[in-house]
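Numbering (the numbering used here), first residue to last: 78 to 569. For each residue, glycine too, the CB sits at the ideal point set by N, CA and C.
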Ligand SMILES: Cc1cc2nc3c(=O)[nH]c(=O)nc-3n(C[C@H](O)[C@H](O)[C@H](O)COP(=O)(O)OP(=O)(O)OC[C@H]3O[C@@H](n4cnc5c(N)ncnc54)[C@H](O)[C@@H]3O)c2cc1C
Ligand code: FES
């Protein structure tokens, strides 16, 4: 289903690339990172081209909750454990700069993106997480963040402990990103939609109808494409259910549950109606039962605590969590000739995306930046991410073996209307979906990235890869990387 944000905004469109060209910097991906980086590079006097495979601002960014905040749950303690207090301080400064950048760009360019100041609350419903909140507040205050303990949350239920951060923001992500793109686009900053990068080198990007050559290439594709930097092995995909429903008793701030199950809530008013935008417990993509349960539980929670109507939009969104908690921003290679990358935002990609744009601009402009070392995209910290690293890569290995060896139905007849299944047809694994009209759509079930078998997502009617999070439409078209090719159509 289309996200609420895409249906409440009609952004300007950009023509696809139709010839070869040359600029200072090519950016692959027109999301939060790609467009804010383009804005900063243009301001710095460089010529830029952005190639966006689909529509600007409607990838992961256009399906988020869109809190613009330095408050990231119990993140600062986690970072301090792995990178020391200096690491937590650098992360905090970077996030603060990312939030300020969004507010400054919105004001400077007059972008009407429903930017609103809010207080950000994180609450605990039991003791263990209450203690974590206390420790987080202590550290946050030490490194200059606006945190305090407060149980006056405005929520319609009691909490065990909560922290409040003032002067945080929320916005409409598509209005901001597409609005910024429309303001910066000109002869020195070219933006191309419906233009997928099929091939790349550190100085060129090839699309169906043209190649762009440049001094640098920025991969702002949420996760770098294909095998670049092997970031798919250092980040794991985190999928989350999102529900949008009209609400009669909107709470005044925005909220995050400190423990499990994950619960995030904000509101947005459009056309005189106020909606709750809620996110539930994360899961590995491509497991239909888990997806269904996650939506059911989130819907139940909303109905239990708030006066909400029927859900009007629901979708699954995915972001990447880095093994050691810190995003990867910078050069993909320590020995030159690399790409510029930004990934691993752990579902906090607006403040992090702004911070990444600042760092990418500074790297290209050969300017110093105090955050480089902590965010370094070539850092090797096996101990910091050790257990998680092993666990997630075991998950991938298990999938590859189990999915290929499990027994599967062997006939298209087994798939009813509105149903999907992985079939074994003449020895091939086939992902089959029969639509409501009874037409069958059959594509290869092997993800073109590295061969894992995809799994059905009944909410979005997509095939999602459990290994590194690539997503495909039911006709096989690639929607989200690291894969760049479609699932091959099966001739029946
Ligand atoms: C459920 C959920 C809720 C979230 N809520 C928040 C929140 O409240 N606050 C917050 O800070 N963060 C939030 N996030 C995280 C945030 O949305 C992301 O981290 C951020 O939007 C990532 O931006 P991006 O530019 O890296 O990726 P994207 O927005 O996905 O942009 C990448 C772009 O690259 C394009 N692309 C991909 N491949 C190619 C190719 N081959 N050629 C050309 N273009 C290509 C895509 O089409 C896409 O438009 C949330 C995440 C999730 C999953
Ligand atoms: S995304 Fe890597 S195998 Fe599918």
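Task: Any non-hydrogen atom of ligand 1 within 6 Å of residue 252 CB - done: The answer is no for residue 252.
- [ ] Look at the alpha carbon of residue 212 and the alpha carbon of residue 382, and state the distance between them as a whole number of angstroms.
- [x] One C-alpha to the other measures close to 28 Å.
Task: Reduced DSSP secondary structure (H/G/I, E/B, other) of residue 86 - done: Looking at residue 86 - three-state DSSP - the assignment turns out to be coil, as it is neither helix nor strand.
- [ ] Please go through the region 123-203 and give each complete alpha helix (DSSP H) segment of 4 or more residues, from N-terminal end onward.
- [x] The region 123-203 contains these whole alpha helix (DSSP H) runs: 152-185.
- [ ] With DSSP collapsed to three states, give me the class of residue 261.
- [x] Three-state result, residue 261: helix.
Open item on the list: Please report the distance separating the alpha-carbon of residue 447 from that of residue 157.
Closed with: Spanning the two alpha carbons is a distance of roughly 17 Å.
TODO: With hydrogens ignored, establish whether the beta-carbon of residue 170 is closer than 6 Å to any heavy atom of ligand 2.
DONE: No.
- [ ] Tell me where the alpha helix (DSSP H) around residue 380 begins and ends.
- [x] For residue 380, the enclosing alpha helix (DSSP H) covers residues 365-382.
Task: Range of the contiguous beta strand (DSSP E) that encloses residue 244 - done: Secondary structure note for residue 244: its beta strand (DSSP E) is the uninterrupted segment 238-247.
Task: Beta-carbon contacts of residue 199 that lie in its chain and below 7 Å, excluding the five residues immediately before and after - done: Setting aside the 5 residues that flank it on each side, residue 199 is surrounded in the same chain by 148, 150, 210, 239, 240, 333 and 335, each with a C-beta closer than 7 Å to its C-beta; the list follows chain order.
TODO: Specify the secondary structure class of residue 459 as computed by DSSP and reduced to three states.
DONE: Confidence in residue 459 is poor, its pLDDT being 47 and thus under 50, which makes the residue's placement too unreliable to answer from.
Open item on the list: Determine whether the beta carbon atoms of residue 297 and residue 110 lie at a separation below 7 Å.
Closed with: Yes.
Task: Proximity of residue 224 and residue 112 at Cβ, strictly below 7 Å - done: Between residue 224 and residue 112, the CB-CB gap reaches or exceeds 7 Å.
TODO: Pull up the distance between the alpha-carbon of residue 179 and that of residue 252, whole angstroms please.
DONE: Cα to Cα, the separation comes out at about 12 Å.
Task: Nearest-residue set for ligand 2, Cβ under 5 Å from any heavy atom - done: This criterion selects 524, 526, 527, 529, 542, 544, 545 and 547.
- [ ] Decide if the region 368-381 is in contact with the region 421-439; the criterion is three or more beta carbon pairs, one per stretch, under 8 Å apart.
- [x] At 8 Å Cβ cutoff, the stretches do not touch.
Task: CB contact check: residue 391 to chain B, cutoff 7 Å - done: Here chain B cannot be found, since the structure has a single protein chain.
- [ ] Evaluate residue 215 with the Cβ neighbour count: other Cβ atoms within 10 Å of its Cβ, from every protein chain shown; 16 or more gives buried, anything less gives exposed.
- [x] By the neighbour-count rule (16 or more Cβ atoms within 10 Å), residue 215 is not buried but exposed.
Open item on the list: Quick test of your reading: residue 394 and residue 317, contact by CB under 8 Å. State the CB separation rounded to the nearest angstrom.
Closed with: The Cβ separation is near 6 Å, so the contact holds.
Open item on the list: Going by C-alpha to C-alpha distance, which of 492, 244, 399 and 494 sits closest to residue 455?
Closed with: When only C-alpha atoms are compared, the closest one is 399.
TODO: Could you tell me which residues DSSP puts in a beta bridge with residue 291?
DONE: DSSP, once it has assigned bridges, lists 100 as partnering residue 291.
- [ ] Return the CA-CA distance between residue 513 and residue 185, expressed in angstroms with no decimal places.
- [x] Separation of residue 513 and residue 185 (C-alpha to C-alpha, rounded to the nearest whole angstrom) is 48 Å.
Open item on the list: Buried or exposed for residue 89, going by 16 or more other Cβ atoms inside 10 Å?
Closed with: Here residue 89 is exposed: its Cβ has fewer than 16 other Cβ atoms, across all protein chains shown, within 10 Å.
Task: Per-residue DSSP class, three states only, for residue 296 - done: Strand, per DSSP.
Open item on the list: On a Cα-Cα basis, can you pick out the residue from 201, 520 and 444 that is closest to residue 226?
Closed with: Checked all of 201, 520 and 444; the closest Cα to residue 226 is 201.
- [ ] Report whether the distance from the Cβ of residue 430 to the nearest heavy atom of ligand 1 is below 6 Å.
- [x] Answer for residue 430: yes, Cβ within range of ligand 1.
- [ ] Indicate, with yes or no, if ligand 1 has a heavy atom lying under 6 Å from the CB of residue 152.
- [x] Outside the cutoff, so no.
TODO: Give, in chain order, every unbroken run of the beta strand (DSSP E) that is at least 3 residues long and sits entirely within the region 330-357.
DONE: Assignment of beta strand (DSSP E) within the region 330-357, counting only whole runs of 3 or more residues, yields 331-334, 341-347 and 350-356 in chain order.
TODO: Could you round the C-beta distance between residue 128 and residue 284 to whole angstroms and report it? I think they count as a contact, below 8 Å.
DONE: With 8 Å as the limit, residue 128 and residue 284 qualify as a contact, their Cβ atoms being about 6 Å apart.
Task: Whole-angstrom C-beta distance between residue 566 and residue 580, which should lie under 8 Å - done: One cannot answer for residue 580 here, as it falls past the ends of the chain, which runs 78 to 569.
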